[in-house]
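Protein chains in written order, with the numbering used here: chain A, 1 to 115; chain B, 1001 to 1510.
Structure follows, in structure tokens:
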């Protein structure tokens, strides 16, 4: 149902269009089983970002404050992209592997988490 | 002939409908342009009965008396260093949340009730809105005057209006009220006067005011009491306004029900911040959030909705979810604030053993199982000099704007992720309640000013955290970070040291 309004056809500026992010798109990542990180984390990433850069640099910069991270082997992690199982390749860009603006990446690791 | 004195009813009549007139050269639709577009049908404005019949002259007299009392207490508190009488400086963080988050809403309410006092077509309701508008301005002022005293001694409350417009957690209350004031007059009344003031306000005021009383904060207690007689008038206005709409036309029932569903959920999510304050920020606890929810919503609200059933109104959708979540949301909210204390104008801290025991007792089904270990880990890390802070920025709910920390009702270990598509873009929400609200009016919520996204668009002072904090006007190293090691803690300890009795001579000699 459209918003009730004085003038028919009400609409306004969509504030988070991908064009507003200077070449990046927003990507949310969440390490399942580790809700000591209160929520998923928002990242502005160009679609060309190789998936390998995410796992080798970006995720460690975010999650290594948790002592569990040292034991995590991301090569055995299970990945989910926007609600679907996902088998990303390290060398390819995230954009070409289906990651779009405001996509959500969730991943499960061993150890599975204690918090 | 001696002048006859009017009785109250006559006086009220002259002061309200007596001041109204029938327009002769303008149409009513032009004079009241907001009255019809929401689809609400009112056939007889004269059927509105003001439950209080308060006239302006009596109102001024009554309020002036309350003002005198309030300012006498504030003066005496200032002269007697009342800030030293609170239980602990940690308590002040509840007051900080109040002035940063709630006081600006009082001002917004003042403005919008003034708008209603102009734009509601019935004279009786306009006068009620006029008085409430003045009440809200008074609440805003008294809160500022009270808290300005604390501002001389504590951090984080020096620029609350600026912070309200910018800080990530304050976008939660700000966007709540922006949502209401950009709705039509009847949705606003249902949202603020009914869903918030009538159904949920006890959950805001009682814990804050009882919390203040338990923790030696007489200043806050005083403005609370000064506001309370107004609040009961506001609550009654909310209930009567909703009843009036329901009685005027059957077609109003589904519209009002939709607003009740929406604003119950909006208000409930907003109260998460208060809930956290109750369970975590009060050194002396009043009651737990779960207990408050049972008393002030499940029991009182249950009776209210049973009463409204005769109009065809049912309990708000997702009230069952709120009930099911009550053992979780405060721990999840504290987790958010603990994660991001470096970017907030309130302190958090590690939960001590006594507090852990209280949480286990109050939340026997959830706390030990799902949250205690998290706090113990954090305490260990802090003791090793590695206090846990989240280096990323949180994903926010598109509707309530709270970081998406809430979990699935049937699985407290899994975050509740909901997503909608609109105009080719994805929109993430924290719950079925917020998703419904988005899906109903996507053209509205796709405009949301989400603080995290704004930072990444480069609209918040810069790309680094210190630059953004400067833009927030957070005095870094004082307003933010853990309470342990803060200037506020050091200052408080110094004051308390000065107040402790000197050690007896014998002890000192040993």
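Don't be surprised by glycine CBs; every beta carbon is placed ideally from N, CA and C.
Where does residue i land, buried or exposed, given buried means 16+ other C-beta within 10 angstroms?
i, result
"residue 98 of chain A", "exposed"
"residue 107 of chain A", "buried"
"residue 1152 of chain B", "exposed"
"residue 1065 of chain B", "exposed"
"residue 1041 of chain B", "exposed"
"residue 1509 of chain B", "Note on residue 1509 of chain B: pLDDT 48, under 50, position unreliable in the model; the coordinate value appears next. By the neighbour-count rule (16 or more Cβ atoms within 10 Å), residue 1509 of chain B is not buried but exposed."
"residue 1368 of chain B", "exposed"
"residue 1436 of chain B", "buried"
"residue 1062 of chain B", "exposed"
"residue 1423 of chain B", "exposed"
"residue 963 of chain B", "Given that chain B is displayed from residue 1001 to residue 1510, the structure contains no residue 963 of chain B and the question cannot be resolved."
"residue 6 of chain A", "exposed"
"residue 1384 of chain B", "exposed"
"residue 1279 of chain B", "buried"
"residue 12 of chain A", "exposed"
At the 8 Å Cβ level, is residue i part of the contact set with chain A, yes or no?
i, result
"residue 1447 of chain B", "yes"
"residue 1317 of chain B", "no"
"residue 1169 of chain B", "no"
"residue 967 of chain B", "A query on residue 967 of chain B cannot be resolved here, the shown segment of chain B reaching from 1001 to 1510 and no further."
"residue 1103 of chain B", "no"
"residue 1508 of chain B", "Confidence at residue 1508 of chain B is low in this model, with a pLDDT of 49, below 50, so the placement of that residue should be treated as unreliable; the coordinate-derived value is given next. So no, residue 1508 of chain B is outside the interface."
"residue 1405 of chain B", "yes"
"residue 1425 of chain B", "yes"
"residue 1453 of chain B", "yes"
"residue 1248 of chain B", "no"
"residue 1188 of chain B", "no"
Three-state secondary structure (DSSP) at residue i?
i, result
"residue 1220 of chain B", "helix"
"residue 1342 of chain B", "helix"
"residue 1168 of chain B", "coil"
"residue 1500 of chain B", "coil"
"residue 1411 of chain B", "strand"
"residue 67 of chain A", "helix"
"residue 1185 of chain B", "helix"
"residue 1315 of chain B", "coil"
"residue 1004 of chain B", "coil"
"residue 1509 of chain B", "With a pLDDT of only 48 at residue 1509 of chain B, under 50, the local geometry of the prediction cannot be trusted, and no value is derived from it."
"residue 50 of chain A", "strand"
"residue 1403 of chain B", "strand"
"residue 1026 of chain B", "coil"
"residue 17 of chain A", "coil"
"residue 72 of chain A", "coil"
"residue 1120 of chain B", "coil"
"residue 1148 of chain B", "helix"
"residue 112 of chain A", "coil"
"residue 1228 of chain B", "helix"
Which residues does DSSP list as the beta-bridge partners of residue i?
i, result
"residue 31 of chain A", "A/107"
"residue 965 of chain B", "Past the boundaries of the shown model lies residue 965 of chain B; chain B is included only from 1001 to 1510, so the question cannot be answered."
"residue 42 of chain A", "A/28, B/1393"
"residue 81 of chain A", "A/84, A/105"
"residue 93 of chain A", "A/50"
Could you tell me whether any Cβ in chain B is nearer than 8 Å to the Cβ of residue i?
i, result
"residue 11 of chain A", "yes"
"residue 4 of chain A", "yes"
"residue 33 of chain A", "yes"
"residue 95 of chain A", "no"
"residue 159 of chain A", "Outside the shown range of chain A, which is 1 to 115, sits residue 159 of chain A, and nothing can be said about it."
"residue 21 of chain A", "yes"
"residue 44 of chain A", "yes"
"residue 78 of chain A", "no"
"residue 37 of chain A", "yes"
"residue 90 of chain A", "no"
"residue 53 of chain A", "no"
"residue 40 of chain A", "yes"
Shorter than 8 Å from the beta carbon of residue i to some beta carbon of chain E?
i, result
"residue 1062 of chain B", "Looking at the structure shown, chain E is missing, and the protein chains on hand are A and B."
Practice task
Give a yes or no on contact between the region 46-55 of chain A and the region 1354-1365 of chain B, applying the rule of three or more CB pairs nearer than 8 Å.
Solution key: no
Practice task
Taking 8 Å as the threshold, find out whether the region 1476-1487 of chain B comes into contact with the region 1153-1163 of chain B through three or more Cβ pairs.
Solution key: yes
Exercise for the section: Specify whether the region 1418-1429 of chain B and the region 1324-1335 of chain B touch according to this definition: at least 3 beta carbon pairs, one from each stretch, less than 8 Å apart. Expected result: They do not touch, by the three-pair rule.
Exercise for the section: Would you be able to state if there are at least three C-beta pairs under 8 Å between the region 1123-1132 of chain B and the region 1288-1304 of chain B? Expected result: By the Cβ rule, the region 1288-1304 of chain B does not count as touching the region 1123-1132 of chain B, because fewer than three pairs are nearer than 8 Å.
Exercise for the section: Assess, as a yes-or-no matter, whether the region 1182-1201 of chain B is touched by the region 1236-1256 of chain B under the definition of 3 or more beta carbon pairs within less than 8 Å. Expected result: yes
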